[in-house]
Each structure stands twice: as structure tokens, then as C-alpha cells.
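For reference, the structure is listed below as C-alpha cells.
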Amino acid sequence: MSTIPVVQVYFAKYTPLAAAILVLWDHCLTFDEEVADMWRCFEGHMVTKIVYILNRYFTEAVMLYTAYVMGGATGNELAFHNVGRTLWVLEYPWLIENIAFIMTNTYRLWDHKPTIRKMLPVILVISIAGAFVLSVMSVLTLLRTQIPSKVIACAVTGVPKTLPSTMGILLIFNLLVILVSVYNTLENPRRSESEVLDPLRGHSTRAYLIQIFFPILILTCALKANLTSRMHLRLERLSHTLQYDVMCTAHELSIIAFGVPIPPISTFGLEHEKANTDVAVEFPLYVPLEHKLRENISPPEGFKIIPFKDYKEVGILKETPDRVERDALGIPTVAMKTVHATDRCKTNAKSDGKDHKKSCSRATREWWHDWENMERRIQPGSCYDDRLSPQERLHQAANDFIGARRPIPQRVNYIWEQVQLYFGLSQNTPRQKTSSNKPSKDDEEDEDFSDDERESQIEVPQASQNMDVQRTTPPRPGPYNHVEEDPPQADSDRLKTREPLTDASKKKVLDFFQNPEKSVAIFLSSYMMTQGFHFDEYKLLDFPRVLGFFIKYLITNDVWPECKARLVRSQNTIDIASQELICTSKISKALPDVLNNAFRDHWKINPDVFFGDAVPDDDSDADEPEAKRRKVDPEAAAEFEQSLKDSNVDLVKPEDVDTLMEEAVVAEESGGWGSEGKWNVDDGAKLAPKNPWGNPPEQDWSFLKSRPGLMTLLGPTALPVTHTTGIVEQSMRRIADVIPPPNDAPALPHAESPSPQAVKAELERRFTKVVLSPWLGTRTGNDEPTISSLSKGPVLGKEDVKVNVPPSGPKPHNPWKDNITIFVGEDVAKDLRKGMGLGGSWIQMAHRQDFESEVDKKKKKKGKKSDDRFWYMCSLMTVITSYHVVPSEAHGDVSIL
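Under the numbering used here, the first residue of the sequence shown carries the number 186, and numbering increases by one thereafter.
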């Protein structure tokens, strides 16, 4: 039987008591700091206080209880039960602490490995579950251990078999972590052997050994509890020190911290010897300040120390519900009277979750971005007296609108003057005059502005160009200002420089007031075309932008509350214009596209040169197969020729034109500076004739080589065999529908014989169909459709309602009612918008069998009854928007299609 040394017995008996005394003594030393830093204020987070209680008071309770049990102060049976409870209490904190520490190191090692980050938690959960089950079994085994009644000590007869298994599971998991750390180190390239061992030395191996062996000594546990408590108190003290925001001056803060004022800043420089104070201030200042703030002092009268958790930012808010620029306290801001060059954002902050470009770079910032930011600074509400006439209110709003946006680029100022001129706000047409002044930076940034407009300066009325006139919006009337007040008068500051209104200007403003939707539609359609603004792309973009900002200003500030709904509808027109106006330029450049040019080059028909008679209004000639040419009376022609000769006017006949053309060709071949355009060549030398057979010279078609032909686009197609030109029409048509080709359309089977239906199906499979409907009364050219003399096929008149449909072939074409269909490429179709108008020449692609005799038709297979024929665009003359309106149309609401 082995004997236990007395030293070990006393060590096991009195070590818990020594540890408890060590913890209690340290608690007494730090109790004053605990009261001052931990329990003085309960406004902080309660979680930190609960953790401190567990770390300090719970550890002391465990230490005292362990000393009570291990010292033998209880009876035998009570000691038996107390040992089991103690093991149960100490086992799980130790186990959880070790596993959490290991898991922390594991995630630190593998935070960049997504696969391992998912695998290691699964393995950890399995290990914890197994260790938990085995730990419970170990504790239950220890609870069943019997201690002799005469032995007053804590003894365990044997180690349970489940305890090694528990330690083995944790050991295997830690070995896995070690292997993972080694692998993580080895996978990095160019590593030596020493560098492989260095990370291993600093990871979970050393931490695991420390957690296993040191907690065995109960004195180490007490030491750890003391160190942790002191560190917790120190952190709590620092948090209280940094929690206060002293809302006072440096002079008053020095009185609070030191009891004496700090000398002025200038006394610490070159004027230190001139200071009238004997106070010696030593640096750093935070050492005495910390001790002063720890004392229970109160701030001076009139000042308040705000805790950091109660501090709220009071800067300018980015967005406000009422669109008024306010700070966090709800106080509206006041715009500065003087605009400085440094009044811009110095940082590159993100707004609305989007990463915008640097605002400091003026080269990449457009003018409308600045105007959009100004929208938040607009004072909403009714600041315009509704008892004034609509003309007076509109003039006030125009001056306030443009005055708040000064300075503006020159091209935008030109557009604004055009807006004022159209709506009756300005009576003088903007003129351009030369100026020797150097252009400003804003003018240099307008890259899209044309040279003639860049070199000139716009002369505008004094009312809108006066820079000294500032915005003086009157305050909102109070609740009792309507009692016994004078009749309303216009703001003299805003109207003192305005010229008297003429009757024409008043009528324009009144028309805008009565129907703003129609006025805006006319301005952005027919007026822009009449003035030639549609030739510059920047004007197509900036005109709706400038007018849109102005309409929004009128709506937001309730300038015309009686027609606010109509202003909102006019804003919808502007939104459509911002998309369609630029498309008019793109469509004009893209059409006719390569496909329609290929059709035109193949048949070589130009209806823009040979104009025919207009379409008849009745069906008097409907029974005739072809239109007749108008015959000229010979006697009237002779009289007309004689009158021209009497007026000394030479009449050139067609046969004379041919003679002149031949002479011009011969003169061109001979050259004006010698033969073949060379110097020092004898012109009398006989040259070989270039055209010895007398045939007319071949035409030069080299300009067509750059465009692909019909076979290049369509491949080996039967279209030249099955189709020919039919009706040639010149008209304005509206885009009724844009039908893209079907997705994943299968290839058509090979036809045994040329078929027009197969050709049409192939075009529908490869190209986009555009359905065009008639659009009459646009006043952009000929209001009525015109049929060229080159047309072939039946055409109905305007008044024709009923027509006899032929048994086969196409039905007669009615240019006033019938739709036509053309094909375009996908790159052109993206710019086409439903409702927009296209004015040009349209040529029908008829079937060849439509013009065959009845005998030939009987020999061939009859076509589909009343089958529609597709068309192609020969030329494009005009592109208009879907809301196009002319001033001569009847008054009323304009329907936007």
C-alpha cells in the first residue's frame, strides 16, 4: 500500500484556501476603483457588468467553496456529494473555454478558405457533441465514487474510462488544427523549413498546452481572475473617460481640468515672454486631465457635458421629406448672398449607395447634375401670391428660377432665352454679337457648342442678365396677414428691370396658362423644327432638360395652382421628348439602312427626282389599268414658247440637253490644261479615241462599292426573280409597331421553285418588321400622300370606301388608310419608338405575277387571295416625335401616343 507524503496532503488541503485569500485580498485593493468605474453609472452596456460579476464574484465563490470542501470542514457524506458538484461545476467552464479558444485560432488561420471554413465547424460540432456526452458520463461515474468515512479528504480511487476518450476527442481535433496550420504554411511558395515551424509555434499547439496544464494549479486560476478583473476595470475606466464630449471652450476646459486658465495660444510662440501669466503648463495635458475628469466634478454654470451615446450629428441632411435643406435639428438653412469659388464639395462621398465620379473634376460634371442638386434647396410651397395675374406670377418665377442657378454655361443660357421668347417671358430675340473678351471656363467646357455660338456672346434683355438682381422670395404670409391689408403688388425687386408686357407676350403667356401641355408639345416639336434647333444634337438633349427643370419649379412652388394637373401632364410630354428628340437624329443618320439601300441599288428607282400627279380624290380612273400622263395643248405650248422668246429667255428642249451633255463629256476628256491633264503636251497630237464604237460612256458606280449588295446581305435569294417594284408613295407615316425577328427560328426548307412567300418568310426570320400607319396633317411637307408616276399597281382615292377585291394578288392600295410594312436591321430598330413619324419615299415590292397576263396566271399556281405586299424605304426626308403638334391645330388637350 502506497503512502502519500505529508507535504502533498497539506498542499492539496490548504492551496484552495490560499487561492481564495489571494482573490479576496486583490478584491479589497481594487474595490474603490470598482465602485467608481463600474457601479457609479448604470447607463452603459449591462453586458460588461454581468461579465465582470461572473469573472470576479463567481470566481471568489468557487474558490471559497473549494477551500471549504477540500479543507475537510464538512462531514464525510457531505464531502462526498460536494466533491461531485465541484467537479461538475469546474469541468464545463474549462471545456467550453478551451473549445472556444481553439475555434478562434482555427478561424483566424482559415478565414480565406471557403471550403475549410465550412468543413471545420462541422468537425468542431461533432467533437463537442462527443466530448459533451463523454464528459457527462465521466461526471456520473465520479458521483458514484465512495469515500471512506474516516478519511477527511477528497480522493478518487480511479480515473473513469470515459475521461481518456473525452480528452482523446479534443486531442484529435487539436491535432487536426495543427495539421491544417502546417498545410496552410507549406502551400505558400518559397518557404524554408524554419518558416514552416514559426507559424506552428504561434498557433493552437502552444495555446492548447497552456490551457491543459496551467489550470491544474488552482493558484493560477486565482491569478488569472485577478488579472482579468484589473484589466476589465481599466477598460471600463477608459470607456467612461472617452464617453464625454465637453461642450465648452479651451479656456473653460482648462479651469475644469487644472483649476487655472491656460494662456492664449500666441504665448506659446514667439510672444511667450510677453505673456502676463506665471502659470507653468507642462505637457502632455491628458495626464492631469484624466485625473480631474475622474473626480466627481460638475461643469460650470451654463455648460452641459453631453455623453457620447446621446450626441447627435446636426450637420446638413442629404434628403428631407419636404425638400427643404435643413440640419438635423430641423432648422432650415440660408443661402449665402455671395458665391465663392471654393463653395463646392471637397470630398468624394458616396450618395444613395452609388459610387459617383469625383465632384471636384469639373471636366466630368455636367450642368444638369448641379441643377439636380439645386432641386433639394428649392423652398417648396406657395411663395407667389395667387391674387396676382398669371403673367406676373410667371415672370416672378422665371426670374427666381434662373437667378438661383447663376452662373450657367453660355449654351444653356441661349436655350433659356429661347424658352423665354416662346412663352412670352422675353420680347427681344436673342442676338449674337462679337466680343473681344476671353471666354470663361464654363464656355470652354461646352465641347458640343458650335464654333459660331462659342465665339459670339448672346445679347439678352436686362431683366434676365442682370447679375445684381438676387432672389428675394417674400416670406410666407402669416395666419392673420389677410386682415386689412393693401391690394397685392408684384415684388419690385424681381420686376423692376422687366420691360412692359406687349399684347403678343401676354397672349403667349395666356396660351401657356390655359393649355400648358399643348404649348410644351408645340415648342418641343414643330417650333424646334421651324427654328432649325433639331440639327444640333446637344439642343435635342438640353431643350427638354432646361424646360423640364422650369416646369418642375412651377409645380413645386405652386406658381399656378389652378392648372397644376395640366402642368404635370406637360411634364410627361417633356419626359417623352427627352427620349425621342435624340432618337430623331439617330434615326435620320441610320435610315435607310444597308438592307433598304440594297433594295434601292438593285432596282435603281429614285422617286425623289420624278414626281407624278397627286392621288386622285375620286375613283374616276380606277377602272383604267395605268395612270395617264397629262397632255399639253400644242397651241398653248406655242404661245408659252413665244412669250419666253419675247422676254429674251432661251427655251432648252430635251434634244438640246442631250447635245449639251455630249459636248460637256468631250470637253472633259480633252482637258483644260493639255491632254490627259499633263503639262507640255502637244494638244494637236492625235489621240486614240477612248470610245471608238460611239457607245455612251459607262456610268461611274464606284460610290456604291462601299455598300453591300442584295446578294451579300441575303445570300443566294430568289427575291430578284419573284419580286419587282410596285406602288411608289411619298408620305408621312407613324410607327405603329416594331416586331423583332423570332428567337431561335428554324431555317426554312429548300423550295423546289422560286416562291414569293418563301422570300418573305426568310426576311421575317432575319430582320425586324416595322409597321407604318398613315399620319395626315403634320404640316412637315405635303399633307397629302403623293403617288409617283413610276408606280405600278391599283391605287384608291381618298374618298373610296368600297372596292372590288381581286380574286388573287394584292388588294388596291389606299395611302390614307392602309398600313405598310418595311424591314430594317436590329441595330436600327433599337432607336425606333412607337408613335414617332417617318416621312419619305416608300416603294412596294410586288410579286412579278401581279403584272402577268391572265393566260400566264392560269399556267402558274394562283397566289394567296388579297395577300399583302411588303415595302422598302427609298429615302427618308423627315423624322418627327410622337407628340408632334403644329400651332394651327384646334385648341384642346394634346393626346400623347
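Backbone N, C-alpha and C fix where the C-beta goes; we use that ideal spot for every residue, glycine too.
Grab me the residues of Trp1056's own chain with a C-beta within less than 7 angstroms of its C-beta, minus the 5 sequence neighbours each way, in chain order.
Setting aside the 5 residues that flank it on each side, Trp1056 is surrounded in the same chain by Ile1005, Thr1006, Ile1007, Trp1027, Ile1028, Gln1029 and Met1030, each with a C-beta closer than 7 angstroms to its C-beta; the list follows chain order.
Cβ contact (3+ pairs, closer than 8 angstroms) linking the stretch 350–362 and the stretch 304–314
Enough Cβ pairs lie closer than 8 angstroms, so yes.
Going by other Cβ atoms of all chains shown within 10 Å of its Cβ, with 16 needed for buried, is Val1121 buried or exposed?
In this structure the chain extends from 186 to 1082, so residue 1121 is not present and cannot be described.
Could you compute how far the alpha carbon of Pro594 sits from the alpha carbon of Lys691?
Per the coordinates, the alpha-carbon of Pro594 lies some 29 angstroms from the alpha-carbon of Lys691.
Taking only the alpha-carbon atoms, compute the straight-line gap between Thr902 and Leu961 and give it to the nearest angstrom.
Distance between the alpha carbons of Thr902 and Leu961: 36 angstroms.
Classify Thr910 as helix, strand or coil using the three-state DSSP reduction.
Three-state result, Thr910: strand.
State the DSSP-derived secondary structure class of Tyr242, mapped to helix, strand or coil.
Per DSSP, reduced to three states, the secondary structure at Tyr242 is helical.
What is the DSSP secondary structure of Tyr237, reduced to helix, strand or coil?
Three-state DSSP puts Tyr237 in a helix.
Residue range of the unbroken alpha helix (DSSP H) whose run includes Pro701
Per DSSP, Pro701 belongs to the alpha helix (DSSP H) from Pro701 to Ile707.
What residue range does the beta strand (DSSP E) around Trp1056 cover?
Start and end: Trp1056 to Ile1065.
Assuming Leu780 contacts Ile920 (C-beta within less than 8 angstroms), just tell me the rounded distance between them.
Not confirmed; about 17 angstroms, so no contact.
If you count every other CB in all the chains shown that lies within 10 Å of the CB of Ala932, and 16 or more means buried, which is it?
Around the beta carbon of Ala932, a 10 Å sphere encloses fewer than 16 other beta carbons of the protein chains shown; the residue is thus reported as exposed.
How would you label Cys1059, buried or exposed, when you count the other beta carbons within 10 angstroms and need 16 or more for buried?
Taking all protein chains in view, the Cβ of Cys1059 is crowded by 16 or more other Cβ atoms within 10 Å, so the residue is classified as buried.
Give every residue of the same chain whose Cβ lies closer than 6 angstroms to the Cβ of Gln915, excluding the five residues on either side of it in the sequence, and list them in chain order.
Taken in chain order, the residues that qualify are Thr971 and Ser1026.
Starting from Gln942, trace the alpha helix (DSSP H) in both directions and tell me its first and last residue.
Pro941 to Arg951 is the extent of the alpha helix (DSSP H) around Gln942.
Could you spell out the range, first to last residue, of the alpha helix (DSSP H) harbouring Thr758?
Thr758: member of the alpha helix (DSSP H) spanning Lys749 to Ala775, first to last residue.
Residue closest to Pro941, alpha-carbon to alpha-carbon, out of Met304, Arg1054 and Phe1036
Cα-wise, what sits closest to Pro941 is Arg1054.
Spell out the partners DSSP gives Arg511 in its beta bridges.
Within the DSSP secondary-structure output, Arg511 pairs in a beta bridge with Pro517.
Give a yes or no on whether the C-beta atoms belonging to Trp745 and Phe698 are separated by under 8 angstroms.
In this structure, Phe698 lies closer than 8 angstroms to Trp745 by Cβ.
Helix, strand or coil: which one does DSSP assign to Ile593?
In the three-state DSSP reduction, Ile593 falls in the coil class, being neither helix nor strand.
Proximity of Tyr738 and Ala582 at Cβ, strictly below 8 angstroms:
Cβ distance < 8 angstroms, so Tyr738 and Ala582 count as in contact.
Candidates Glu1011, Ser755, Pro925 and Glu984: closest to Trp1001 by CA position
The shortest Cα separation from Trp1001 among Glu1011, Ser755, Pro925 and Glu984 belongs to Glu984.
Indicate the three-state DSSP secondary structure (helix, strand or coil) for Arg422 in the structure shown.
Residue state, collapsed to three classes: helix.
Rounding to the nearest angstrom, what Cα-Cα distance links Ser1019 and Pro575 in this structure?
In the sequence under discussion, the amino acid at residue 1019 is Lys, which differs from the Ser named in the question. Rounded to whole angstroms, Lys1019 and Pro575 show a C-alpha spacing of 36 angstroms.
Would you kindly work out how many angstroms separate the C-alpha atoms of Val362 and Tyr368, rounded to a whole number?
CA-to-CA, the gap between Val362 and Tyr368 works out to about 10 angstroms.
Anyone know if the C-beta pair for Asp211 and Arg422 falls short of 8 angstroms?
For Asp211 and Arg422, no; Cβs fall outside 8 angstroms.
When burial is assigned at 16 or more other CB atoms within 10 Å of the CB, is His998 buried or exposed?
Buried: at least 16 other Cβ atoms inside 10 Å.
Between Val515 and Phe586, what straight-line distance do the alpha-carbon atoms span, to the nearest angstrom?
As written in the sequence, residue 515 is Gly, which differs from the Val given in the question. Rounded to the nearest angstrom, the two C-alpha atoms are 25 angstroms apart.
Thinking C-alpha only, which one of Asp968, Pro959, Ser976 and Glu937 is nearest Gly126?
This structure gives no information on residue 126, because the portion of the chain shown stretches from 186 to 1082.
Taking only the alpha-carbon atoms, compute the straight-line gap between Tyr1068 and Thr758 and give it to the nearest angstrom.
Rounded to whole angstroms, Tyr1068 to Thr758 spans 7 angstroms at the Cα level.
Check the C-beta distance from Asp727 over to Val597 and give it rounded, since I have them as a contact under 8 angstroms.
In this structure Asp727 is in contact with Val597, their Cβ atoms being roughly 6 angstroms apart against a cut-off of 8 angstroms.
Which listed residue (Lys996, Asp786 and Glu937) has its alpha carbon closest to that of Pro905:
Taking only the C-alpha atoms, the option nearest Pro905 is Asp786.
Based on DSSP bridge pairs, tell me the residues matched to Trp1027.
The bridge partners DSSP lists for Trp1027 are Glu914 and Met1058.
In three-state DSSP terms, what is Ile363?
Reduced to three states, the DSSP call for Ile363 is helix.
Got a sec? Which residues, its chain only, sit under 7 angstroms from Pro893 by beta carbon, not counting five neighbours each side?
The residues Val779 and Ala783, in chain order, have a CB closer than 7 angstroms to that of Pro893 in the same chain once the five nearest residues on each side in sequence are set aside.
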